[in-house]
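Residue numbering for the sequence shown follows the numbering used here, beginning at 3 and increasing consecutively.
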Amino acid sequence: MEDEAREEPAETEADVAERKPTPAPERRRTGSSWWLSLTKKQVAVIAVVVGGALTATFSNGLQNLFTGLLPDGWDEPGSGIEIVDVRRQPLSGPVLIPEAVEFDDMTDAREKVNDPDWEAQHEWYAAGRVTWEVTLVGRHRDPVVITDLRPERTGPCTERVERGTLVDDITQGEGDKIELRTAIDAGSPELISVEDGTAYFDNGTVTLEKGETVIIAIQATSARQTCQWVLEADYVDNGKRETMTISAPGDRPFAITGLVEDRPYDLIWAVACNSRAMTPEEVSASEKPADCN
């Protein structure tokens with residue numbers, strides 16, 4: 003009975019403390035570990051920034067690279083055709099210079115009147131007939147279609163020029179070209195196919211792929227009048243209708259005058275006399291001058 007009545011001894015604070023789990027010691031961030039963590043964050047931010055800059059630079063570099071491989075203006079509207087060359091076809095008819103001009107010989111005379119630089123610096127007229135060769139090239143990725151090409155006079159025709167120096171450049175055959183002809187002094191000049199006599203652009207077009215070149219040979223004539231003119235081309239480029247003007251060397255109009263059959267010009271360079279120019283009387287004589295070779 004005494005054992006049952008015996009009370010358990012009261013717990014002390016030490017007993018309670020023994021039963022509580024011991025907390026893990028707190029980790030304290032040392033100076034080196036804090037700096038390492040901060041450095042990793044900075045490196046990550048810098049990597050993102052530098053990566054973005056490199057991506058932009060690489061993209062721009064590729065764009066500049068591919069753009070540099072294409073011709074200038076390849077994507078500009080209305081620039082799908084480039085005029086590569088406009089020149090008088092050699093030996094395509096007489097040339098009249100409305101002043102007295104001396105050349106070294108007939109070869110020099112022909113070289114000069116067929117030199118675009120000389121043409122651009124001198125006043126001269128095709129006399130009676132001439133053939134102009136216009137070289138065009140396509141510049142755009144999509145084909146460019148020329149739907150019309152027509153001569154446009156820059157003003158009214160005037161009287162024939164009958165004075166000056168005539169260089170008698172004789173006609174020769176044509177090559178593999180689009181051959182057209184026009185009478186500039188007609189009421190409404192148009193380009194006619196040399197092959198079949200029809201108006202070429204009534205039912206036909208000229209298509210230029212990128213980098214494709216075409217040469218259009220235009221035989222122009224005038225029976226009696228002096229006329230100046232340019233070529234107007236209508237074409238479709240990237241789905242839009244455009245117009246361009248084609249002029250002679252020096253950005254001047256083409257010029258033609260009628261040829262005087264009895265040739266009352268001041269000086270005449272002809273095949274009959276290679277070494278010097280002849281007078282109208284010498285040209286019309288039955289025999290060439292003795293000093294001509």
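In this text, a Cβ means the ideal position worked out from N, Cα and C, and glycines have one as well.
Closest by C-alpha distance to E104, out of T184, V169, T223 and W231, is V169.
In the three-state DSSP reduction, F105 falls in the coil class, being neither helix nor strand. Taking the CA atoms as reference points, I180 sits about 22 angstroms from P255.
Residue pairing by DSSP places F256 opposite W231 in a beta bridge. C-alpha of T200 to C-alpha of I194: approximately 5 angstroms in a straight line. Of the candidates D150, T228 and T215, the residue whose Cα lies closest to the Cα of G206 is D150. When E283, S286, S277 and E263 are compared, the shortest CA-CA separation from D293 is found for S277.
CA-CA distance, V238 to T247, rounds to 15 angstroms. Our two residues, E135 and H124, have alpha carbons roughly 19 angstroms apart in a direct line.
Closest in C-alpha terms to G260, from the list P118, P96, R162 and A219, comes R162.
Put simply, the stretch 202-222 does not touch the stretch 110-119. Fewer than three CB pairs are less than 8 angstroms apart.
A250 and T215 have their C-alpha atoms some 19 angstroms from each other.
For K242, the secondary structure class from DSSP, reduced to helix, strand or coil, is strand. A Cβ-Cβ separation of about 6 angstroms places R143 in contact with K212 under the 8 angstroms criterion.
With contacts defined as CB atoms closer than 9 angstroms, Y127 and V147 fail to qualify as a contacting pair. Boundaries of the beta strand (DSSP E) around P153: V146 to R155.
Under DSSP, I99 takes part in a beta bridge, and its partners are T167.
Cβ contact annotation for Y267 (same chain, cutoff 8 angstroms, sequence separation greater than five): L98, E164, R165, G166, T167, L168 and P282, in chain order. Taking the Cβ atoms as the reference, R141 lies roughly 7 angstroms from I83, within the contact range of under 8 angstroms. Straight-line measurement puts the Cα of L210 at about 12 angstroms from the Cα of N240. Rounded to the nearest whole angstrom, the C-alpha separation of D119 and C159 is 26 angstroms.
In the three-state reduction of the DSSP assignment, S195 falls in the strand class.
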